[in-house]
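When you read off a place in the sequence shown, starting at 1, and then add 1083, the result is the number in my numbering.
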Amino acid sequence: MATTKRAGRTASKRQLRVGEELRHIISSILARDLIHDVDVAGYSVTVTEVNPSPDMRNATVYVVSLGGVNEDALIEGLNRTSAVVQEEMARQLTMKFTPRLSFKKDESFEYASHIDDLIRKSKQPDSTD
């Protein structure tokens, strides 16, 4: 059974399927520049994962900005305007409830880069001979 990147629990097939559908919908909403918040407008945002709760009432959206510029303000802006995204998402979903969205910074790329650096350093020959 598949697990999500963030949680230690096993995600159901429905959670994975809904999360992927939400990711595509949210990505298309952000690409169309429907959000007119100062901290969000004009920035390119990549939605890396959407992790819905087991009851599908809430969803955590993991995002990263292109170039990593002003990410904290971007996350705050996305959380302020999550109702706009949720409203547009409701038009495209066929679910009974539209999940409440919470945006967070995706730190998995930074973590992977850190691990890669550690591996590269361990493979370098020791020059203290």
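In this text, a Cβ means the ideal position worked out from N, Cα and C, and glycines have one as well.
Problem - Endpoints, the alpha helix (DSSP H) within which leucine 1105 is located - result: Along the sequence shown, read from residue 1 onward, the residue named residue 1105 stands at position 22. Counting along the chain, the alpha helix (DSSP H) containing leucine 1105 begins and ends at 1096-1114.
Exercise for the section: Please go through the same chain and pick out, in chain order, the residues whose beta-carbon is closer than 6 Å to the beta-carbon of glutamine 1098, but skip the five residues on each side of it. Expected result: Within the sequence shown, residue 1098 is the residue found at index 15, counting from 1. Hits under 6 Å: Pro1135.
Practice task
Using only alpha-carbon positions, find the residue among Lys1179, Leu1157, Met1172, Leu1176 that is nearest to valine 1128.
Solution key: For the purposes of this step, residue 1128 is taken as the residue at position 45 of the sequence shown. That would be Leu1157, whose Cα lies nearest to the Cα of valine 1128.
Exercise for the section: Return helix, strand or coil for glutamate 1171, following the three-state DSSP convention. Expected result: For the purposes of this step, residue 1171 is taken as residue 88 along the sequence shown, with counting starting at 1. In the structure shown, glutamate 1171 sits in a helix (DSSP, three-state: H, G or I).
Handout entry: Counted within 10 angstroms of its Cβ, other Cβ atoms place aspartate 1189 as buried (16 or more) or exposed
Key = Along the sequence shown, one-based indexing puts residue 1189 at 106. Flag for aspartate 1189 reads buried.
Problem - Residue interval of the beta strand (DSSP E) (run including asparagine 1134) - result: The residue you call residue 1134 lines up with position 51 of the sequence shown. Looking at the DSSP string, the run of the beta strand (DSSP E) that includes asparagine 1134 is 1128-1135.
Problem - Three-state secondary structure assigned by DSSP to arginine 1163 - result: Residue mapping note: residue 1163 aligns to position 80 of the sequence shown, counting from 1. Three-state result, arginine 1163: helix.
Handout entry: Beta-bridge pairing of alanine 1142 - partner residues as DSSP gives them
Key = The sequence position of residue 1142 within the sequence shown is 59, counting from 1. Paired residues: Pro1135, Leu1184.
Practice task
Say whether the stretch 1150-1168 touches the stretch 1103-1122, bearing in mind that this needs 3 or more beta-carbon pairs closer than 8 Å, one atom from each stretch.
Solution key: yes
Practice task
Name the two residues that bound the continuous alpha helix (DSSP H) containing alanine 1124.
Solution key: Within the sequence shown, numbered from 1, the residue matching residue 1124 stands at position 41. Per DSSP, alanine 1124 lies in no alpha helix (DSSP H) segment and is marked neither H nor E.
Exercise for the section: Give me whichever residues DSSP pairs with valine 1152 in a beta bridge. Expected result: What you label residue 1152 is simply residue 69 of the sequence shown in a count that begins at 1. Paired residue(s): none; valine 1152 is not in a bridge.
Practice task
Taking the CB atoms as reference points, tell me whether threonine 1143 and valine 1152 lie closer together than 9 Å.
Solution key: Along the sequence shown, one-based indexing puts residue 1143 at 60. Along the sequence shown, one-based indexing puts residue 1152 at 69. No. Outside cutoff.
Practice task
Report yes if the C-beta distance between lysine 1187 and valine 1130 is below 9 Å; otherwise report no.
Solution key: Taking the first residue of the sequence shown as position 1, residue 1187 is located at position 104. Taking the first residue of the sequence shown as position 1, residue 1130 is located at position 47. Cβ distance not < 9 Å, so lysine 1187 and valine 1130 don't count as in contact.
Handout entry: Cα-Cα separation, lysine 1206 to histidine 1197
Key = One-based indexing of the sequence shown puts residue 1206 at position 123. One-based indexing of the sequence shown puts residue 1197 at position 114. In a straight line, the C-alpha of lysine 1206 is about 15 Å away from that of histidine 1197.
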